[in-house]
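Numbering (our numbering), first residue to last: 225 to 911.
Cβ coordinates follow ideal geometry from the N, Cα and C atoms, glycine included.
Structure, as structure tokens:
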Amino acid sequence: AATKLASAEKLMYFCTDQLGLEQDFEQKQMPDGKLLVDGFLLCIDVSRGMNRNFDEQLKFVSNLYNQLAKTKKPLVVVLTKCDEGVERYIRDAHTFALSKKNLQVVETSARSNVNIDLAFSTLVQLVDKSRGKTKIIPYFEALKQQSQQIAAAKDKYEWLVSRIVKNHNEMWANVSRKMQSSPEYQDYVYLEGTQKAKKLFLQHVHRLKQEHIERRRKMYLAVLPQAFEALIPDLDEIDHLSCVKVEKLLETKPDFLKWFIVLEETPWDATSHIDNVENERIPFDLMETQPAEQLYEAHLEKLRNERKRAEMRRAFKENLETSPFITPGKPWEEARSFIMNEDFYMWLEESIYMDIYSKHQKQIIEKAKEEFQELLLEYSELFYELELDAKPSKEKMGVIQDVLGEEQRFKALQKLQAERDALILKHIHFVYHPTKETCPSCLVCVDSKIEQLISSRFIRPSERNQKNLLSDSNIDRINLVILGKDGLARELANEIRALCTNDDKYVIEGKMYELSLRPIEGNVRLPVNSFQTPTFQPHGCLCLYNSKESLSYVVESIEKSRESTLGRRENHLVHLPLTLILVNKRGDPSGETLHSLIQQGQQIASKLQCVFLDPASAGIGYGRNINEKQISQVLKGLLDSKRNLNLVSSTSSIKDLADVDLRIVMCLMCGDPFNADDILLPILQSQ
225 AATKLASAEK LMYFCTDQLG LEQDFEQKQM PDGKLLVDGF LLCIDVSRGM
275 NRNFDEQLKF VSNLYNQLAK TKKPLVVVLT KCDEGVERYI RDAHTFALSK
325 KNLQVVETSA RSNVNIDLAF STLVQLVDKS RGKTKIIPYF EALKQQSQQI
375 AAAKDKYEWL VSRIVKNHNE MWANVSRKMQ SSPEYQDYVY LEGTQKAKKL
425 FLQHVHRLKQ EHIERRRKMY LAVLPQAFEA LIPDLDEIDH LSCVKVEKLL
475 ETKPDFLKWF IVLEETPWDA TSHIDNVENE RIPFDLMETQ PAEQLYEAHL
525 EKLRNERKRA EMRRAFKENL ETSPFITPGK PWEEARSFIM NEDFYMWLEE
575 SIYMDIYSKH QKQIIEKAKE EFQELLLEYS ELFYELELDA KPSKEKMGVI
625 QDVLGEEQRF KALQKLQAER DALILKHIHF VYHPTKETCP SCLVCVDSKI
675 EQLISSRFIR PSERNQKNLL SDSNIDRINL VILGKDGLAR ELANEIRALC
725 TNDDKYVIEG KMYELSLRPI EGNVRLPVNS FQTPTFQPHG CLCLYNSKES
775 LSYVVESIEK SRESTLGRRE NHLVHLPLTL ILVNKRGDPS GETLHSLIQQ
825 GQQIASKLQC VFLDPASAGI GYGRNINEKQ ISQVLKGLLD SKRNLNLVSS
875 TSSIKDLADV DLRIVMCLMC GDPFNADDIL LPILQSQ
């Protein structure tokens, strides 16, 4: 209760951590000389203390108050440890304060930092009357405000930490130095202290580390099925093995170290391996975890399902081959009920069965056609009484079908009547115009065999010329690009296909050619709209237009296509034969509009150096589609261009064998039977 104190060389007290470790803290000495005491804080512990009687404490406080009252100094009663306060003790303390000249009481908690500043500021106001009177807030109301303030400060501090700390390897010393000047850090440390600030930092770093480990784990687990596919793809090898035995089996594989890494320390997520981002191999101890075991079980189940699906495919194929209900040309809708059962539907999608069925149909149709061709050869006498133009009448066709109708090989194509009739017409055409193109034997025709023998024995060009000559074998195929906008290309392609046989064959001057169409209506720089593909090498292009917009599209597409091949070794698209065609347009455009479109088409054709067809020059009335005669003329022109290109590319070879080619061509042109040895032996001798 003294009001005068000596402070010679005494250190100011900051916190309990300072006791015994004074050298580790900032040292500030109290002012030298005597200190005058201006007021007192009379503290009463309202918690339930061990071996302590609150009434005795209150009696001691009462005696102490009597001593302090004699000093005539301001005094504030402070109730401490209110966070653990006993309600009766608090009530008795307030009663004591009221009995002593209505003393002001402040309820505090040093541990929660509640009302500590309020206790001192209340005493300061009593010392300095000029200051405004301080409002005293009850403990629980102050605790609520304090909690809200701390929560807000904590949110801001966590935001600051998340913005600064991006790596789980960051250290507190470095980060706290960076945050020292930030108000978010200062406010939180003021309210909660450095240790809690550090704790939140460590929690954030731990969270970053766990997220990093989880990303690595997901990456490893994503690659693990690929490792299983590469190392243990055989079901027979692993079907009855446990996970432990599978791990031992994996270690014996030659490519084991390509997929896995064996760490000296485990588990992998507790080692420095988590930061070795350059090494993407899977830590082998990951195999011992449940997710890895689940992936292995999934791999095993996948292999079993694949085997079962393969068995279902084989069973379905065998079912097709043995079923008497599957005949050439029978649609899938009709055949499905005879060959499908519940097991098939359980293991594979219907689209897969449809694909297998279509391939099987193709095989049996080809076989049925070959057998039908043999049947036609056996009944050759039926075709000897036709007219010279080899066009049978309906009556003659009826007679042929009546004679052949009882044959099983004729009935086999019952579902393919159009193709069967086409084979009959083709056979008739061969009887009256026997050439290698119309020969039913196709590639095994003796004429084709002789050409192949000569080309393999006597032509000795460079590799470049060999490539050119090999391409000549493709002379019976016409690859045609149809370029047009707004459905023009598709419409013309459908019209041309309607003029072809069922197997996309087209007759030009009595010869059959395989016609492949590629309608294009979009951006030609996209692969799906490219003029050429690995399986499609264009021989010509029909460019269709019926408006200024569609004509502009044609010009832009041709220029883009040519630009795409510039600088390439094979840039034949630059010299691709083009035909520009003005086609009909729905409605009746005025003569002036038609005349304008014709003039623009002629100008573009001159610019592109290509053929131009308009309704007037082609003999087509506006409002009609391009007719079969015009299509044949266009295709014949493309075929001639193709032959000329092949002829030019193989000039050196033709010059070397001019006499040989002449002799063979003369024999073929005459149409007389000949012995191949009579021609080939003299050539062999001369060579």
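Beta-carbon proximity check, residue i vs residue j, cutoff 8 Å
i, j, result
"T217", "A646", "Not covered by the structure: residue 217. The range shown for the chain is 225 to 911."
"R272", "V301", "no"
"T295", "T332", "no"
"S336", "D379", "no"
"L455", "K423", "no"
"E783", "K709", "no"
"F562", "F549", "yes"
"H392", "K433", "yes"
"L913", "K252", "It is not possible to answer for residue 913, since the shown part of the chain is limited to 225 through 911."
"L288", "L299", "no"
"T346", "I360", "yes"
"G764", "L707", "no"
"A343", "L265", "yes"
"L677", "R633", "no"
"Q854", "L837", "yes"
"V389", "H428", "yes"
"D256", "A226", "no"
"L519", "L448", "yes"
Paired residues, beta bridge with residue i - DSSP
i, result
"P507", "I485"
"S271", "G309"
"G764", "L704"
"L802", "C765"
"E738", "R701, K729"
"F264", "L299"
"F654", "Answer is none; F654 lacks a bridge partner."
"I744", "L707"
"K258", "A230"
Backbone CA spacing between residue i and residue j [nearest angstrom]
i, j, result
"Y730", "I648", "16 Å"
"E733", "S856", "9 Å"
"D493", "M443", "13 Å"
"A377", "Q369", "12 Å"
"T912", "S740", "A query on residue 912 cannot be resolved here, the shown segment of the chain reaching from 225 to 911 and no further."
"P507", "T513", "11 Å"
"D509", "Q419", "37 Å"
"S781", "N747", "7 Å"
"A882", "K583", "Summary for A882: the model assigns pLDDT 42, below 50, so the residue's position carries little reliability, and this model does not support an answer."
"V798", "Y769", "21 Å"
"E745", "V752", "10 Å"
"T319", "L282", "11 Å"
"S820", "L802", "21 Å"
"E408", "Y381", "5 Å"
"M736", "E504", "60 Å"
"D463", "K469", "11 Å"
"R721", "P743", "12 Å"
"L790", "T757", "17 Å"
"L919", "I805", "No answer is possible for residue 919: it lies beyond the span of the chain, which begins at 225 and ends at 911."
"K402", "W383", "14 Å"
"N718", "G711", "11 Å"
Residue i - DSSP class collapsed to helix/strand/coil
i, result
"K195", "With the chain running from 225 to 911 in the structure shown, residue 195 is simply not present."
"T304", "strand"
"M578", "helix"
"Q253", "strand"
"F562", "helix"
"P555", "coil"
"F755", "coil"
"K420", "helix"
"L235", "strand"
"F284", "helix"
"F452", "helix"
"V779", "helix"
"F937", "Lying before the first or after the last residue shown, residue 937 is absent from the chain, which here runs from 225 to 911."
"L837", "strand"
"V429", "helix"
"P407", "helix"
"V501", "coil"
"Y412", "helix"
Sequence ranges, alpha helix (DSSP H) only - wholly within the stretch 330-358, length at least 4: 340-351
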